[in-house]
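Residue numbers (our numbering): 382 to 560.
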């Protein structure tokens, strides 16, 4: 965070510095910003329960190619890092702190991202599964599988109903910008 000139502190809330299960991130004014939980995916533990919940949640989601890919991917997940954003994340600086730590963990673990009421990304960070509300709008970086089973990355307008339907169908939407 020093590189980005963000002022925040990180405290081990559960565990030790070398073996933590929960971190608390505070801003320069000592306000609690967010918690980061580390849950190993082990039979009978919270991490495994979360994976099972994800599997149940996505079955009816679109596109089906993303559901299929995620179901296979979930079986390889070893650890889940969950961010619990607190009410004091209320300005650009605090959101930047969230983003920097999320990016740091993601780059070191080489995983995927999941956001409640948004969906899942692939390993490159492109959004592949729709869990947005019907009112979602604005530009968003997405990906779908092509006929060779590779992801094709693009930027689309979430509010464009035609683009949305083409994404649901597993196609790059007309008018979307390839990236």
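Cβ atoms here follow ideal geometry from the backbone N, Cα and C, with glycine treated the same way.
Rounded straight-line distance, which links the Cα of residue j to that of residue i
i	j	result
residue 491	residue 457	12 Å
residue 510	residue 544	14 Å
residue 392	residue 475	16 Å
residue 389	residue 503	29 Å
residue 488	residue 515	31 Å
residue 549	residue 444	5 Å
residue 553	residue 483	27 Å
residue 527	residue 506	17 Å
residue 541	residue 395	44 Å
residue 422	residue 447	21 Å
residue 441	residue 407	38 Å
residue 418	residue 426	13 Å
Where the beta strand (DSSP E) containing residue i begins and where it ends
i	result
residue 462	460 to 466
residue 448	Premise fails: residue 448 lies in the alpha helix (DSSP H), 445 to 455, not in any beta strand (DSSP E).
residue 520	520 to 526
residue 408	401 to 408
DSSP-derived helix/strand/coil call for residue i
i	result
residue 391	strand
residue 421	strand
residue 504	coil
residue 539	coil
residue 559	strand
residue 374	Examination of residue 374 is not possible in this model, given that the chain is present from 382 through 560 alone.
residue 470	coil
residue 531	coil
Option in the options with minimal Cα separation from residue i
i	options	result
residue 534	517, 514, 558	558
residue 495	515, 462, 488	462
residue 429	537, 459, 521, 394	459
residue 400	420, 409, 416, 414	420
residue 370	416, 541, 486, 427	This structure leaves residue 370 out entirely; the chain is present only between 382 and 560.
residue 454	431, 532, 403, 493	493
residue 413	524, 479, 426, 424	479
residue 409	472, 403, 431	472
Own chain residues within Cβ distance below 8 Å of residue i, not counting five before or after
i	result
residue 513	498, 499, 500, 539
residue 348	Within the shown structure, residues of the chain are numbered from 382 to 560, placing residue 348 beyond reach of any answer.
residue 519	538, 539, 540
Extent of the continuous alpha helix (DSSP H) to which residue i belongs
i	result
residue 477	473 to 490
residue 427	427 to 439
residue 513	Counting along the chain, residue 513 falls outside any alpha helix (DSSP H), and DSSP gives it neither H nor E.
residue 543	542 to 549
Neighbourhood of residue i by C-beta distance below 6 Å, restricted to the same chain and skipping five residues each side
i	result
residue 547	554
residue 449	none
Close-in-space but distant-in-sequence residues of the same chain around residue i (CB under 7 Å, 5 per side omitted)
i	result
residue 560	522, 534, 535, 536
residue 397	none
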